[in-house]
Structure formats: structure tokens, C-alpha cells
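Participant:
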Amino acid sequence: MSTNTELIHAIPVDPLTGAVSVPIYQTSTFVQEAPGINKGFDYSRTANPTRIVLENLVATLEGGVTGAAFASGLAAIDTVLKLLKAGDEIVAVDDIYGGAFRLFTHVYEKFGIHIKYVDTTDVVNIVDAVTPATRLIWIETPTNPTLKITDIEAVAKIARANNCWLCVDNTFASPALQQPLLLGADIVVHSATKYLGGHSDLIAGLVITKDNELGERIRFLQNAGGGILGPFDSWLVIRGIETLHLRVKQHSANALAVAKFLQQHPLVDKVYYPGLPTHKNHEIAARQSKAFGGVVSFSLKNDTEEAAISFVTGTRLFKLAESLGGVKSLLCHPAGMTHKSIPEEKRRAAGVVDSLIRLSVGLEDAEDLVADIEQALNKPDAASSENRKIRSLSLG
Ligand SMILES: *Cc1c(COP(=O)(O)O)cnc(C)c1O
């Protein structure tokens with residue numbers, strides 16, 4: 002069976018009523034016949050019938066055995082970190098999602114967990130960083146916002162050889178493009194807020210594991226910590242996933258068109274998109290994912306904050322907002338928004354220069370998106386701050 006067919010039929014018809022859409026079991030508790038005798042559910046923090054449909058669905062999608070749904074991507078990440086104990090080490094990708102960095106460094110360091118950040122696009126850096134205390138290797142591929150690619154299969158081998166877990170944050174690719182568990186990873190996490198939900202209308206997170214034992218530990222922590230996803234939001238994610246393959250295919254096609262347009266534009270400096278043959282690890286991306294996703298970043302030849310602000314406020318279809326992965330195109334200015342708290346030198350070294358702009362390419366028609374970018378680039382300020390001076394002079 003093809004993936005799409007499998008996906009659509011992995012969402013069960015309601016056995017009780019035949020309802021085609023999954024019922025929303027908006028209940029906290031379940032009546033018991035006698036103490037401990039129930040229909041498989043006793044309390045919705047522990048298990049809820051709507052949430053379970055989502056959890057089983059994402060386990061299937063990722064090629065894993067256990068899924069667990071959380072109130073946010075960060076609640077999911079937080080739960081994975083609770084597998085560790087004081088003295089354990091994590092080796093993590095250096096341009097990790099900002100919220101994960103905050104959680105690792107400003108919360109878990111305090112409990113005696115040590116984190117080393119390395120450039121994982123070159124796996125030798127991971128080999129060098131791993132010690133006998135390393136319990137977890139943490140990667141994102143592609144990363145945010147410069148779309149760096151790491152070889153999942155190669156890192157999985159390093160993890161196995163060193164007796165530690167590999168966790169992949171698969172938010173940017175989604176399981177429609179990339180299935181890290183099938184490449185040897187032990188754990189996958191998602192911010193389902195992005196492509197899985199797909200409509201910019203919810204916050205949710207997921208953890209999927211390859212084996213049952215680890216899955217049971219995650220489920221235990223899910224119930225113990227309690228950061229679960231509610232029934233209604235679980236239903237929204239299920240509905241989003243029904244069209245995931247279709248959406249991600251179109252996001253990827255639109256993003257490639259946008260990236261190609263940007264690459265030949267005279268005012269654009271660097272373009273970051275794993276689908277371009279000029280991308281450092283394009284071949285790895287092509288090997289481990291079906292397409293290259295909907296996020297494109299680029300910088301301007303006029304590398305100034307004013308030029309970037311002129312662009313991000315000059316588009317009509319691309320709306321200025323944090324987040325990504327929805328139907329509507331969004332854009333953001335990482336240096337002034339998502340990466341503001343990172344020291345300037347460190348930020349620049351990571352490629353997040355003053356004029357870097359991140360696009361979440363939506364599902365509008367590609368030619369309209371390209372035209373929108375073109376008109377915003379042609380505004381005088383995006384072209385040059387010199388123009389602005391000239392203009393203000395001529396205005397007297
Ligand atoms: C957004 C995001 C997160 C955090 O998810 P929330 O749902 O916002 O808590 C984690 N990882 C990546 C890669 C993200 O883009």
C-alpha cells in the first residue's frame with residue numbers, strides 16, 4: 002500500500018458509532034464498574050481515547066511503536082530530558098531550536114546534566130564530543146534558520162557504538178519527508194504546532210520511540226509530569242495529519258521555486274535551502290528525505306537591519322510572524338525576533354546575520370509568492386541604505 006493510503010486508513014472509524022471523524026472525548030474521567038474495573042480508561046491525564054488515536058497514528062507515521070502527545074513541542078522535549086539523571090551528558094546540535102537551548106542550558110544544567118553543543122553537519126565533531134557519560138545525542142535536520150543538514154544514519158551508528166540514545170527533532174521535515182527511526186534513531190520529537198497541525202491554529206508536541214521499553218518510560222513520564230495534549234487539540238492534529246503528505250509536497254515545491262528565484266536575484270546574498278545543489282549537504286538531504294520542506298532562509302547583499310526590516314514589512318502575502326509550517330506563508334527576521342537573545346558574535350558566526358530572513362513558504366500559488374518577494378526586494382530600503390539617504394535628501 003502507498004504511504005498516503007496507509008496514512009488515511011490508519012485513522013480508525015469509530016467502532017461505537019461508525020463516525021468517520023474521530024470523536025472528541027472531552028472528558029476528565031471514566032465511570033468504573035468496580036474499583037479498577039473499567040473499559041480501558043480511568044483518567045484522561047493517563048489516557049484519553051482521542052489522544053490515543055493521535056498517538057498511535059504518529060507512531061505509525063514515524064515507523065515507531067509508541068507515541069505520546071504533549072501540550073507543546075517543548076513539553077515533549079522536556080519529557081525526553083527526564084530520561085536522564087544528574088551526571089549524564091548530552092551532545093547537541095549547535096544551532097538547536099532556541100527554546101530547546103533555553104530548556105537544556107537554563108533548566109537542566111541546574112540539575113547536573115551537562116550539554117555540549119557541536120556542529121553536527123560534520124559527524125566527526127560528535128565522535129570527538131562523546132564521553133562515557135554521554136547518554137543522549139540530540140540533532141535537528143534541517144536546522145533553524147540556516148537549514149543545516151546532518152547525516153542521521155551516520156549519527157545513529159555513533160550513538161549505538163557509544164551506548165547512548167539518538168533523538169531527532171523532526172519538526173522541519175515531518176514524517177512525510179523523513180523518518181529518522183527507520184534510519185537508526187531511537188526517539189523522534191515534534192513540535193506538532195508546525196507541519197503536523199499545519200494550519201497555525203494549535204500548540205502541540207509529540208514523542209515517538211522505536212522500541213516498547215523506551216516507549217513505556219516516556220508514557221510513565223507523560224503521566225507523571227502531566228503535560229498532555231487535550232482531546233480537542235488532539236483531534237485538530239489528527240485532522241491536520243490527514244492532509245500532511247499533500248501539504249508538505251506542495252510546501253516543498255513552492256519553497257524550491259522561491260529558493261531558485263532568490264538565488265538568481267542580484268540583491269540577494271546567500272540562500273539557504275537543502276534542495277539547492279549548492280547546499281553543503283544537499284546529497285545527504287536528498288538521500289535521507291523525500292523532498293526538502295517549506296522553509297527557506299536568505300540574506301541580503303545590503304546586510305543591514307534596516308534592509309531586512311524593509312523587506313519583512315514590505316511583503317503582502319508573507320505575513321510577519323514567528324512559527325512556520327502553516328498553510329499561510331509567514332516570514333521572520335531571526336536576528337530581531339527568534340535569535341535576539343543570542344550574543345551578537347555567536348549569532349553572526351552561526352550565519353544569522355543582520356539581514357537574514359526566514360520564509361515559511363505556504364500553499365499559495367508559487368508565482369504569486371515569487372512576485373510578492375520580488376516587489377518587496379525592489380523597495381528602495383531593501384536595495385540599499387544609500388537609496389534611503391538619497392530619498393530623504395530629495396524629500397528635503
Ligand atoms: C517550534 C519548535 C519547537 C518548540 O515547539 P512548541 O510547540 O513551540 O513548544 C521545537 N523544535 C523545533 C525545531 C521547532 O521549530
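Numbers given in the numbering used here equal positions in the sequence shown, counted from 1, plus 1.
Even glycine gets a Cβ: it sits at the ideal position worked out from N, Cα and C.
Kindly indicate which residue of ALA70, THR305, PHE299 and HIS115 has the alpha-carbon position closest to the one of GLU90.
Facilitator: Taking the sequence shown and counting its residues from 1, one reaches residue 90 at position 89. Here the closest residue by C-alpha is HIS115.
Participant: Are there 16 or more other CB atoms within 10 angstroms of the CB of ASP15, so buried, or fewer, so exposed?
Facilitator: Locating residue 15 in the sequence shown gives position 14, counting from the first residue. Exposed.
Participant: Let me know the secondary structure DSSP gives THR51 once reduced to three states.
Facilitator: By 1-based counting over the sequence shown, the position of residue 51 is 50. THR51: helix per DSSP, three-state reduction.
Participant: Over what stretch of residues does the beta strand (DSSP E) that includes ILE138 continue unbroken?
Facilitator: By one-based count along the sequence shown, residue 138 stands at place 137. Its beta strand (DSSP E) spans residues 135-141.
Participant: Just to confirm the assignment, what range does the beta strand (DSSP E) spanning THR67 have?
Facilitator: Along the sequence shown, read from residue 1 onward, the residue named residue 67 stands at position 66. Element bounds for THR67: 67-71.
Participant: Give the single residue among ARG136, PRO143, GLU365 and ALA351 whose Cα lies nearest to the Cα of VAL81.
Facilitator: For the purposes of this step, residue 81 is identified with residue 80 of the sequence shown, where counting begins at 1. The shortest C-alpha separation from VAL81 is found at ARG136.
Participant: DSSP state of THR30, grouped into three classes?
Facilitator: As a position in the sequence shown, residue 30 is number 29, starting the count at 1. THR30: strand per DSSP, three-state reduction.
Participant: What's the call for THR172, buried or exposed, on a 16-neighbour Cβ count within 10 Å?
Facilitator: Your numbering for residue 172 matches position 171 in the sequence shown. Label assigned to THR172: buried.
Participant: Assign LYS195 to one of two classes, buried (16 or more other C-beta atoms within 10 Å of its C-beta) or exposed (fewer than that).
Facilitator: As a first step, residue 195 must be located in the sequence shown, where it is residue number 194. With 16 or more other Cβ atoms within 10 Å, it is buried.
Participant: Taking the alpha carbon of LEU318 as the reference point, which residue from ASN164, TRP166, LEU332 and SER201 has its own alpha carbon closest?
Facilitator: For the purposes of this step, residue 318 is identified with residue 317 of the sequence shown, where counting begins at 1. The candidate whose alpha carbon is nearest that of LEU318 is LEU332.
Participant: From the DSSP output, in three-state form, read off ALA93 for me.
Facilitator: For the purposes of this step, residue 93 is taken as the residue at position 92 of the sequence shown. Note: ALA93 maps to strand in three-state DSSP.
Participant: Along the chain, where does the beta strand (DSSP E) that runs through ASP270 open and close?
Facilitator: The residue you call residue 270 lines up with position 269 of the sequence shown. Taken as a continuous stretch (DSSP letters only), the beta strand (DSSP E) holding ASP270 covers 269-273.
Participant: Give a single yes or no on whether GLY294 has its beta carbon closer than 6 Å to a heavy atom of ligand 1.
Facilitator: Indexing the sequence shown from 1 puts residue 294 at position 293. No, since every heavy atom of ligand 1 falls outside the 6 Å radius drawn around the Cβ of GLY294.
Participant: Could you have a look at TYR118 and say whether DSSP puts it in helix, strand or coil?
Facilitator: Numbered from its first residue, the sequence shown carries residue 118 at position 117. Correct three-state label for TYR118: strand.
Participant: Within the present structure, is the beta-carbon of GLY198 separated from the nearest heavy atom of ligand 1 by less than 6 Å?
Facilitator: Mapped onto the sequence shown, residue 198 falls at position 197. Answer for GLY198: no, Cβ out of range of ligand 1.
Participant: Going by Cα to Cα distance, which pick from ASN145, GLY199 and ASP212 is closest to LEU167?
Facilitator: Taking the first residue of the sequence shown as position 1, residue 167 is located at position 166. Closest by alpha carbon: ASP212.
Participant: Does the beta carbon of LEU178 fall short of 6 Å from some heavy atom of ligand 1?
Facilitator: What you label residue 178 is simply residue 177 of the sequence shown in a count that begins at 1. Checking the Cβ of LEU178 against ligand 1 gives no.
Participant: Judging by CA-CA distance, which residue of ALA160, VAL238 and TYR273 is the nearest neighbour of ALA186?
Facilitator: Against the sequence shown, residue 186 aligns to sequence position 185. Of the listed residues, the one whose Cα sits closest to ALA186 is ALA160.
Participant: Quick check: the Cα distance between ASP234 and GLN33, rounded to an integer number of angstroms?
Facilitator: As a position in the sequence shown, residue 234 is number 233, starting the count at 1. As a position in the sequence shown, residue 33 is number 32, starting the count at 1. So the two alpha carbons sit approximately 26 Å from each other.
Participant: When the Cα of ASP170 is compared with those of TRP139, LEU197 and ASP152, which residue comes out closest?
Facilitator: In the sequence shown, counting from the first residue as 1, residue 170 sits at position 169. Nearest of TRP139, LEU197 and ASP152 to ASP170, Cα basis: TRP139.
Participant: Report the CB separation of GLU284 from PRO176 in whole angstroms; it is logged as a contact under 8 Å.
Facilitator: Looking up residue 284 in the sequence shown gives position 283. Looking up residue 176 in the sequence shown gives position 175. Not confirmed; about 22 Å, so no contact.
Participant: Which residue wins for smallest C-alpha separation from PRO267, given the options ALA20, ASP373, SER290 and ASN303?
Facilitator: By 1-based counting over the sequence shown, the position of residue 267 is 266. Of ALA20, ASP373, SER290 and ASN303, the residue nearest in Cα terms is ASN303.
Participant: Just the Cα atoms here: how many angstroms apart are THR132 and TYR44?
Facilitator: Here residue 132 corresponds to residue number 131 of the sequence shown, with the count starting at 1. Here residue 44 corresponds to residue number 43 of the sequence shown, with the count starting at 1. About 42 Å.
Participant: Under 8 Å by Cβ, that's how I've got VAL313 and ILE358 pegged, so tell me the actual separation to the nearest angstrom.
Facilitator: The residue labelled residue 313 in the question sits at position 312 within the sequence shown. The residue labelled residue 358 in the question sits at position 357 within the sequence shown. Confirmed, Cβ separation roughly 6 Å.
Participant: Any heavy atom of ligand 1 inside 6 Å of the beta-carbon of ILE204?
Facilitator: One-based indexing of the sequence shown puts residue 204 at position 203. Yes, the beta carbon of ILE204 sits closer than 6 Å to at least one heavy atom of ligand 1.
Participant: Among all the DSSP beta bridges, which residues are the ones paired with CYS333?
Facilitator: Here residue 333 is taken as the residue at index 332 of the sequence shown, counted from 1. CYS333 is bridged to ARG359.
Participant: Which parts of the region 225-282 are runs of the beta strand (DSSP E), unbroken and 3 residues or longer, counting only runs that do not cross its ends?
Facilitator: Counting whole runs of 3 or more residues, the region 225-282 contains the beta strand (DSSP E) stretches 269-273.
Participant: Check whether the Cβ atoms of VAL371 and PHE262 sit closer than 7 Å, and answer yes or no.
Facilitator: Position 370 of the sequence shown, counting from 1, holds the residue named residue 371. Position 261 of the sequence shown, counting from 1, holds the residue named residue 262. Yes. Within cutoff.
Participant: List the whole-angstrom C-beta distance separating PRO143 from ALA93, where the pair is believed to meet the contact cut-off of C-beta under 8 Å.
Facilitator: For this step, residue 143 is matched to residue 142 along the sequence shown. For this step, residue 93 is matched to residue 92 along the sequence shown. Rounded, the Cβ-Cβ distance is 15 Å, inconsistent with contact.
Participant: Could you check where the alpha helix (DSSP H) with GLY100 kicks off and where it finishes?
Facilitator: The residue you call residue 100 lines up with position 99 of the sequence shown. Counting along the chain, the alpha helix (DSSP H) containing GLY100 begins and ends at 99-104.
Participant: For SER342, count the other beta carbons within 10 Å of its own beta carbon; 16 or more makes it buried, fewer makes it exposed. Which is it?
Facilitator: By 1-based counting over the sequence shown, the position of residue 342 is 341. Per the 10 Å Cβ criterion, exposed.
Participant: Rounded to the nearest angstrom, how far is the Cβ of LEU364 from that of ALA292, given a contact under 8 Å?
Facilitator: The residue you call residue 364 lines up with position 363 of the sequence shown. The residue you call residue 292 lines up with position 291 of the sequence shown. Contact flag wrong, Cβ pair sits at about 14 Å.
Participant: When you measure from the CB of LEU75 to every non-hydrogen atom of ligand 1, does any distance come out below 6 Å?
Facilitator: Here residue 75 refers to the residue found at position 74 when the sequence shown is read from its first residue. Result yes, Cβ under 6 Å from ligand 1.
Participant: Can you grab the Cα-Cα spacing for the pair SER73 / GLY227, in whole Å?
Facilitator: The residue you call residue 73 lines up with position 72 of the sequence shown. The residue you call residue 227 lines up with position 226 of the sequence shown. One C-alpha to the other measures close to 12 Å.
Participant: Assuming ILE9 is part of the alpha helix (DSSP H), what are its boundary residues?
Facilitator: Residue 9 sits at position 8 when you count from the first residue of the sequence shown. Where ILE9 is concerned, the enclosing alpha helix (DSSP H) stretches over 4-11.
Participant: Check whether the region 94-102 touches the region 202-216, counting contact only when three or more Cβ pairs, one atom from each stretch, lie closer than 8 Å.
Facilitator: Contact between the region 94-102 and the region 202-216 is absent, because fewer than three Cβ pairs lie under 8 Å.
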